[in-house]
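Reviewing the structure listed below.
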Amino acid sequence: MPGKGACSAEIDFQHRVVTDYVSLMRESLMTGATRSAIKLELAELARFARLHFAFEESAMRAHGYPAIRIHAHEHLALSGLIALLERTGERVSSIELMLRLEQQMLDHLGSRDALFDSWLEANETDCRWHVRSFPLKVAL
Ligand SMILES: [Fe+2]
Ligand SMILES: [Fe+2]
82 MPGKGACSAE
92 IDFQHRVVTD
102 YVSLMRESLM
112 TGATRSAIKL
122 ELAELARFAR
132 LHFAFEESAM
142 RAHGYPAIRI
152 HAHEHLALSG
162 LIALLERTGE
172 RVSSIELMLR
182 LEQQMLDHLG
192 SRDALFDSWL
202 EANETDCRWH
212 VRSFPLKVAL
């Protein structure tokens, strides 16, 4: 059985990073970290999530993934929630929003992203060029 393709493996790696950022923020919120620390973590999560969404969508385009529109629509909703959190970071409601973001992000990983992963397993062509040309790892 062949191993994962380059795109699929890269996306798995990025999902681990996103999950780590979300866990870190939850821990910071629950343990009473300073607002400036939480704001910094949120900025990192926002930056990485935007790059990840862009990478995933470009991989979908490169492979002709048929469900790209609905998937990208969920990315847009998640990005909107992240932007809302960035704007309301100083308010009490941000904890509630953060938990909502965590839930929606994990739901997305477990549903839309899992569907794309299964599809990629059956349809991925050689896209090492695509992974190499994307600046995400350089930006980390
Ligand atoms: Fe996604
Ligand atoms: Fe993803």
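Quick note: the sequence shown uses the working numbering, first residue 82, plus one each step. Backbone N, C-alpha and C fix where the C-beta goes; we use that ideal spot for every residue, glycine too. Given the structure is predicted, the values throughout are model-derived calculations rather than measurements.
In this structure, ligand 1 has no non-hydrogen atom nearer than 7 Å to the beta-carbon of residue 97. No Cβ-Cβ contact shorter than 8 Å links residue 119 with residue 126. Boundaries cannot be given for residue 115, as no alpha helix (DSSP H) includes it and DSSP labels it neither H nor E. DSSP places residue 169 in the uninterrupted alpha helix (DSSP H) bounded by 149-169.
Around the Cβ of residue 92, a 10 Å sphere holds 16 or more other Cβ atoms; the residue is buried. Pairing residue 193 with residue 155 gives a Cβ-Cβ distance under 8 Å.
The shortest CA-to-CA distance from residue 152 to any of 100, 200 and 183 is the one to 200. The continuous alpha helix (DSSP H) containing residue 100 extends over residues 87-111.
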